[in-house]
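Trainee: Going line by line, the protein sequences match chains A and B. Those letters in the first sequence? Residues 213 to 578, by the numbering used here. Those letters in the second sequence? Residues 4 to 291, by the numbering used here. Here a beta-carbon is modelled for each residue, glycine too, at the ideal position from N, C-alpha and C. One structure, pasted below without further comment.
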Amino acid sequence: METLLKVENLSKSYSGNTIIDSMSFELPKARFVTLLGPSGCGKTTLLRLIAGFESPDQGKIYLEGESIESRPSQERPINTVFQSYALFPHLSVFENVAFGLSIRGEAQELIRERVKSGLEMVDLGSFANRRPHELSGGQQQRVAIARAVVNRPKILLLDESLSALDYKLRRQMQVELKNLQRSLGINFIFVTHDQEEALSMSDEILLLNKGRIEQKGSPQELYEEPKSHFVARFIGETAIFDARVVSQEGSKLSLSLLGKTIELQEEEHFEVNQTVQVMVRPEDLRVERESKDIEEDFYFEATLRNIVYKGPVVDLVLELEDSQTIQATEFYNENSDALEYKEGMKLYFSWVKGWEVLLRDEETGR
Amino acid sequence: MKRLEGKFNSFLYAVCALWLFGFVALPFLAVLAISFLSRGYSDFVEPVFTIQNYLQIFDFVYLKVFLSSTYLALLTSLLCILVAYPFAYFLARSSERAQAIGLALVMIPFWTSSLIRSYALIAILKTNGFLNQLLIKLGLIDSPLSILYTDWAVMIGMVYTLLPFAILPIFSSVQGLSKNLLEASQDLGATAFQSFQRVILPLTSPGVMGAFLLTFFPALGLFFIPDLLGGAKTLVLGAAIRDQFLMNRNWPLGSALSVLLTLGMFLLLAFNSWVKKRVQAPEEEGAF
Chain A
213 METLLKVENL
223 SKSYSGNTII
233 DSMSFELPKA
243 RFVTLLGPSG
253 CGKTTLLRLI
263 AGFESPDQGK
273 IYLEGESIES
283 RPSQERPINT
293 VFQSYALFPH
303 LSVFENVAFG
313 LSIRGEAQEL
323 IRERVKSGLE
333 MVDLGSFANR
343 RPHELSGGQQ
353 QRVAIARAVV
363 NRPKILLLDE
373 SLSALDYKLR
383 RQMQVELKNL
393 QRSLGINFIF
403 VTHDQEEALS
413 MSDEILLLNK
423 GRIEQKGSPQ
433 ELYEEPKSHF
443 VARFIGETAI
453 FDARVVSQEG
463 SKLSLSLLGK
473 TIELQEEEHF
483 EVNQTVQVMV
493 RPEDLRVERE
503 SKDIEEDFYF
513 EATLRNIVYK
523 GPVVDLVLEL
533 EDSQTIQATE
543 FYNENSDALE
553 YKEGMKLYFS
563 WVKGWEVLLR
573 DEETGR
Chain B
4 MKRLEGKFNS
14 FLYAVCALWL
24 FGFVALPFLA
34 VLAISFLSRG
44 YSDFVEPVFT
54 IQNYLQIFDF
64 VYLKVFLSST
74 YLALLTSLLC
84 ILVAYPFAYF
94 LARSSERAQA
104 IGLALVMIPF
114 WTSSLIRSYA
124 LIAILKTNGF
134 LNQLLIKLGL
144 IDSPLSILYT
154 DWAVMIGMVY
164 TLLPFAILPI
174 FSSVQGLSKN
184 LLEASQDLGA
194 TAFQSFQRVI
204 LPLTSPGVMG
214 AFLLTFFPAL
224 GLFFIPDLLG
234 GAKTLVLGAA
244 IRDQFLMNRN
254 WPLGSALSVL
264 LTLGMFLLLA
274 FNSWVKKRVQ
284 APEEEGAF
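Here's what the structure looks like:
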């Protein structure tokens, strides 16, 4: 696929603190990309470097093969939707959206036409003469999007643009943004710390941590094949078990886990006695009241500590023998055992073999 | 607690209202009343109603004073704003430490009476004063310029005295300007000059208006500067009012002139708040 944006060895630090640590990645055209990470991970700084509000200490940024890191922001075909929207309070909605085109000296006729279609695109056709402060947060957000999009940028940057909206409006805007990106066919780079938002909107997620890329991939890849503890913990809930390698013969791996020995299929090579972590998503855990109901050839005991009802599913908080707690998610229907679960009950759990993710031991900070 | 707080608030409002009534409303009403009375020779005023004072204002002499005074004040304000804007802009955009130092430097002259500072200006501006000596030493001029007792000296004195009143409102309006808006403007393709023209200037215009009001009105009334530095050759409105009260002992005419000046201020203030309402969105203040 054709590369639109390429970042090479990009670094940025402020007064000795490294914010972006020699980062490199490539993004193909027409993608909805999310920069995801906890606060302080460098996602906003990366966005500002791409926009041109900051200049890198070192490294290159290429847009369609052209190096742009030394170009000022106003000369980059990139537009930004700011977290606070940053609408010009002294201008009407129309004038706000027309700002970029009018700066470029476009003909009045063209400006009128594009602003009109831009405002219609975000459903604000009848708001052209209002002032920004007369609009709701969601409407201001749409004006900010229209103001950026009418300039037909190659990349649209969105800096935590939905975080100021309430839950319902945010969900609605997520769908609208995704549709907008598809219909415009340009790259959206969206910054968020909300993993759910990232999963539901993105073609591609760059998960950042401490100025580095922890993992880059589709939402499915990040969720199902996390490459590190950080990724597994940041995206969704995960039960993590410490285990020790007993033996490995071909692809048969024996692990000692919670006092039992289980056998898993594993292509990767591990050393005997090496400690590893086994990660299982809550919805992949199978919980039963009787050990004979477990379909797999292994199971563990746990005590049910808490039942969290969530409508279609129920979250079971299980306490293991080593007093670690994990979470298991069960679908909640009328035939479900979950109806009869009581807090303090002994339960048995296992998981479908092959659905776990094995990670070599590393500093987990736990 | 709540009730006590409510009572305390009412008390504070009452104190404010009383203060305003005693020190603002009452004196103004007295001046307004006197302006409609006749001139008296033994008691300053005679309680006989007349509009003669106001008719007298439209006399050629006072119209001339009014015009020349307005012209001087306008020019002073304009110069103050031109000098203050770049200074205030860069000060508001610099580090907090630099801001503290800069503002202190702006405020320090207030510790000395402006009358004394005007005398100091005489020492600087006179024929063999500091300024001329400096210019000669630098080789810019051969013989000293006569600056003192000209309109130049008056203008220098006025701008010097009123400059802080132009810096402060512009400074605070630039400070209130969100960095985000400048970035947005840049992001949309604006050069530094275009950003200034289309975003910075319109959004700091309330500060500029404030600077204008805070320099224009005092400039109308600052009579000692034209007296000291201009050799009392130009009669400003403030001086005319003073003369009526202190020299001609024509309190009613002085009062009528004062009322006129106050009325003018009121109209300009009303215009200012109208402009502000148009430019500033109520939510924008400190919203970022």
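Per DSSP, Leu469 (chain A) forms a beta bridge with which residues?
Mentor: Numbered from its first residue, the first sequence carries residue 469 (chain A) at position 257. Per DSSP, A:Ala455 and A:Lys472.
Trainee: Determine the closest residue to Pro229 (chain B) out of B:Leu216, B:Leu217 and B:Ala243, with distance taken between C-alpha atoms.
Mentor: Within the second sequence, numbered from 1, the residue matching residue 229 (chain B) stands at position 226. The candidate whose alpha carbon is nearest that of Pro229 (chain B) is B:Ala243.
Trainee: Excluding the 5 residues preceding and the 5 following Leu29 (chain B) in the sequence, name in chain order all residues of the same chain whose CB lies nearer than 8 Å to its CB.
Mentor: On the second sequence, residue 29 (chain B) is found 26 positions in, with the first residue counted as 1. For Leu29 (chain B), where only same-chain residues beyond five positions count, there are no Cβ hits under 8 Å.
Trainee: So Gln427 (chain A) is in the beta strand (DSSP E); what residue range does that whole segment cover?
Mentor: Against the first sequence, residue 427 (chain A) aligns to sequence position 215. Note, Gln427 (chain A): beta strand (DSSP E), Arg424 to Gly429.
Trainee: In or out: Ser293 (chain B) buried (at least 16 other Cβ within 10 Å) or exposed?
Mentor: This structure gives no information on residue 293 (chain B), because the portion of chain B shown stretches from 4 to 291.
Trainee: Ser412 (chain A) and Gln386 (chain A): beta carbons closer than 8 Å?
Mentor: Taking the first sequence and counting its residues from 1, one reaches residue 412 (chain A) at position 200. Taking the first sequence and counting its residues from 1, one reaches residue 386 (chain A) at position 174. Yes, the pair counts as a contact, with Cβ atoms nearer than the cut-off.
Trainee: Which residue comes first and which comes last in the alpha helix (DSSP H) that contains Arg324 (chain A)?
Mentor: Numbered from its first residue, the first sequence carries residue 324 (chain A) at position 112. Start and end: Gln320 to Met333.
Trainee: Which of the three DSSP states is assigned to Lys464 (chain A) in this structure?
Mentor: Numbered from its first residue, the first sequence carries residue 464 (chain A) at position 252. If DSSP states are grouped into helix, strand and coil, Lys464 (chain A) belongs with the strands.
Trainee: From Tyr226 (chain A) to Gly556 (chain A), what distance separates their C-alpha atoms?
Mentor: Position 14 of the first sequence, counting from 1, holds the residue named residue 226 (chain A). Position 344 of the first sequence, counting from 1, holds the residue named residue 556 (chain A). Going from the Cα of Tyr226 (chain A) to the Cα of Gly556 (chain A) covers about 51 Å.
Trainee: Check for me: the beta strand (DSSP E) holding Ser562 (chain A) runs from which residue to which?
Mentor: Translated into positions along the first sequence, residue 562 (chain A) becomes position 350. Run containing Ser562 (chain A): Lys558 to Trp563, per the beta strand (DSSP E) assignment.
Trainee: Please list, in chain order, the chain E residues whose beta carbon lies closer than 7 Å to that of Leu184 (chain B).
Mentor: In the structure shown, chain E cannot be found, because the protein chains are A and B.
Trainee: Would you say Thr194 (chain B) reaches chain A, if we count a Cβ-Cβ gap shorter than 8 Å as a contact?
Mentor: Counting from 1 along the second sequence, the entry for residue 194 (chain B) is found at position 191. It does: the Cβ of Thr194 (chain B) has a partner Cβ on chain A nearer than 8 Å.
Trainee: Count the other CB atoms within 10 Å of the CB of Ser176 (chain B); is the residue buried (16 or more) or exposed (fewer)?
Mentor: Counted from its first residue, the second sequence places residue 176 (chain B) at position 173. That one is buried.
Trainee: Apply the 10 Å Cβ neighbour rule to Glu8 (chain B) and answer buried if 16 or more other Cβ atoms are within range, or exposed otherwise.
Mentor: In the second sequence, counting from the first residue as 1, residue 8 (chain B) sits at position 5. With fewer than 16 Cβ atoms within 10 Å of its Cβ, Glu8 (chain B) is classed as exposed.
Trainee: Quick one: list the residues of chain A neighbouring Asp154 (chain B), beta-carbon separation under 9 Å, in chain order.
Mentor: Taking the second sequence and counting its residues from 1, the one referred to as residue 154 (chain B) is at position 151. Result: empty, since nearest Cβ-Cβ is about 37 Å, beyond 9 Å.
Trainee: Using a Cβ-Cβ distance cut-off of 8 Å, determine whether Ala358 (chain A) contacts chain B.
Mentor: Sequence index remark: in the first sequence, residue 358 (chain A) carries index 146 (1-based). No - not a single Cβ of chain B is within 8 Å of the one on Ala358 (chain A).
Trainee: Less than 8 Å between the CB atoms is what I'm expecting for Phe300 (chain A) and Val202 (chain B), so what's the real figure, rounded?
Mentor: Indexing the first sequence from 1 puts residue 300 (chain A) at position 88. Indexing the second sequence from 1 puts residue 202 (chain B) at position 199. The pair is a contact, with the Cβ atoms about 6 Å apart (cut-off 8 Å).
Trainee: Nearest to Ser188 (chain B) by alpha carbon, out of A:Pro344, A:Asn391, A:Ile401 and A:Thr292?
Mentor: Here residue 188 (chain B) is taken as the residue at index 185 of the second sequence, counted from 1. Ser188 (chain B) has its Cα closest to that of A:Thr292, out of A:Pro344, A:Asn391, A:Ile401 and A:Thr292.
Trainee: When the distance is taken between beta carbons, is Pro255 (chain B) closer than 8 Å to Asn2 (chain B)?
Mentor: This structure cannot speak to residue 2 (chain B), because chain B is shown only from 4 to 291.
Trainee: Indicate whether Ala366 (chain A) and Asn399 (chain A) have their beta-carbon atoms separated by less than 8 Å.
Mentor: In the first sequence, the residue the question calls residue 366 (chain A) occupies position 154. In the first sequence, the residue the question calls residue 399 (chain A) occupies position 187. Correcting the residue identity first, residue 366 (chain A) is Lys in this sequence and not Ala. Yes. Within cutoff.
Trainee: Measure the CB-CB distance between Leu261 (chain A) and Lys224 (chain A) and report whether it falls below 8 Å.
Mentor: What you label residue 261 (chain A) is simply residue 49 of the first sequence in a count that begins at 1. What you label residue 224 (chain A) is simply residue 12 of the first sequence in a count that begins at 1. Yes.
Trainee: Compare the C-alpha of Arg445 (chain A) against each of A:Pro250, A:Ile315, A:Val499 and A:Asp233 and name the closest.
Mentor: Residue numbering aside, residue 445 (chain A) sits at position 233 when the first sequence is read from its first letter. Considering only alpha carbons, the answer is A:Pro250.
Trainee: Are the CB atoms of Leu264 (chain B) and Val68 (chain B) nearer to each other than 8 Å?
Mentor: For the purposes of this step, residue 264 (chain B) is identified with residue 261 of the second sequence, where counting begins at 1. For the purposes of this step, residue 68 (chain B) is identified with residue 65 of the second sequence, where counting begins at 1. Result no, Cβ atoms of Leu264 (chain B) and Val68 (chain B) do not sit closer than 8 Å.
Trainee: Can you check whether the C-beta of Gln197 (chain B) is within less than 8 Å of a C-beta belonging to chain A?
Mentor: Translated into positions along the second sequence, residue 197 (chain B) becomes position 194. By this cut-off, Gln197 (chain B) is an interface position.
Trainee: Name the chain A residues whose beta carbon is nearer than 9 Å to that of Gln200 (chain B)?
Mentor: Here residue 200 (chain B) is taken as the residue at index 197 of the second sequence, counted from 1. Under the 9 Å cutoff, chain A gives no residues; its nearest Cβ is about 10 Å from Gln200 (chain B).
Trainee: For Ile315 (chain A) and chain B, any beta-carbon pair shorter than 8 Å?
Mentor: Working through the first sequence from its first residue, we reach residue 315 (chain A) at position 103. Chain B, which has a Cβ nearer than 8 Å to the Cβ of Ile315 (chain A), makes this yes.
Trainee: Which first and last residues belong to the alpha helix (DSSP H) in which Pro172 (chain B) is found?
Mentor: To locate residue 172 (chain B), count along the second sequence from 1; it is residue 169. Per DSSP, Pro172 (chain B) belongs to the alpha helix (DSSP H) from Asp154 to Gln178.
Trainee: Using a Cβ-Cβ cut-off of 8 Å, state whether Leu217 (chain A) counts as contacting chain B.
Mentor: For this step, residue 217 (chain A) is matched to residue 5 along the first sequence. No - not a single Cβ of chain B is within 8 Å of the one on Leu217 (chain A).
Trainee: Who are the neighbours of Pro205 (chain B) on chain A, taking C-beta pairs under 7 Å?
Mentor: Position 202 of the second sequence, counted from the start, is the residue given in the question as residue 205 (chain B). The contacting residues are His302.
Trainee: Assuming Val457 (chain A) contacts Val488 (chain A) (C-beta within less than 8 Å), just tell me the rounded distance between them.
Mentor: By 1-based counting over the first sequence, the position of residue 457 (chain A) is 245. By 1-based counting over the first sequence, the position of residue 488 (chain A) is 276. Contact flag correct, Cβ pair sits at about 6 Å.
Trainee: What residue range is occupied by the uninterrupted alpha helix (DSSP H) comprising Asp230 (chain B)?
Mentor: Indexing the second sequence from 1 puts residue 230 (chain B) at position 227. Residues Phe227 to Leu232.
Trainee: Can Tyr544 (chain A) and Val564 (chain A) be called in contact, C-beta distance under 8 Å?
Mentor: Your numbering for residue 544 (chain A) matches position 332 in the first sequence. Your numbering for residue 564 (chain A) matches position 352 in the first sequence. For Tyr544 (chain A) and Val564 (chain A), no; Cβs fall outside 8 Å.
Trainee: For the beta strand (DSSP E) holding Phe63 (chain B), just list the boundary residues, first then last.
Mentor: Position 60 of the second sequence, counting from 1, holds the residue named residue 63 (chain B). Note, Phe63 (chain B): premise wrong, no beta strand (DSSP E); alpha helix (DSSP H) at Phe63 to Ala95.
Trainee: Note down the Cα distance separating Glu437 (chain A) from Thr246 (chain A), rounded to an integer number of angstroms.
Mentor: Here residue 437 (chain A) is taken as the residue at index 225 of the first sequence, counted from 1. Here residue 246 (chain A) is taken as the residue at index 34 of the first sequence, counted from 1. Distance between the alpha carbons of Glu437 (chain A) and Thr246 (chain A) is about 18 Å.
Trainee: Out of curiosity, what's the CA-to-CA distance linking Pro249 (chain B) and Arg343 (chain A)?
Mentor: Taking the first residue of the second sequence as 1, we reach residue 249 (chain B) at position 246. Taking the first residue of the first sequence as 1, we reach residue 343 (chain A) at position 131. Residue identity check: residue 249 (chain B) is Leu in the sequence provided, not Pro. Spanning the two alpha carbons is a distance of roughly 53 Å.
Trainee: Buried or exposed for Phe192 (chain B), going by 16 or more other Cβ atoms inside 10 Å?
Mentor: Working through the second sequence from its first residue, we reach residue 192 (chain B) at position 189. The displayed chain sequence assigns Gly, not Phe, to residue 192 (chain B). With 16 or more Cβ atoms within 10 Å of its Cβ, Gly192 (chain B) is classed as buried.
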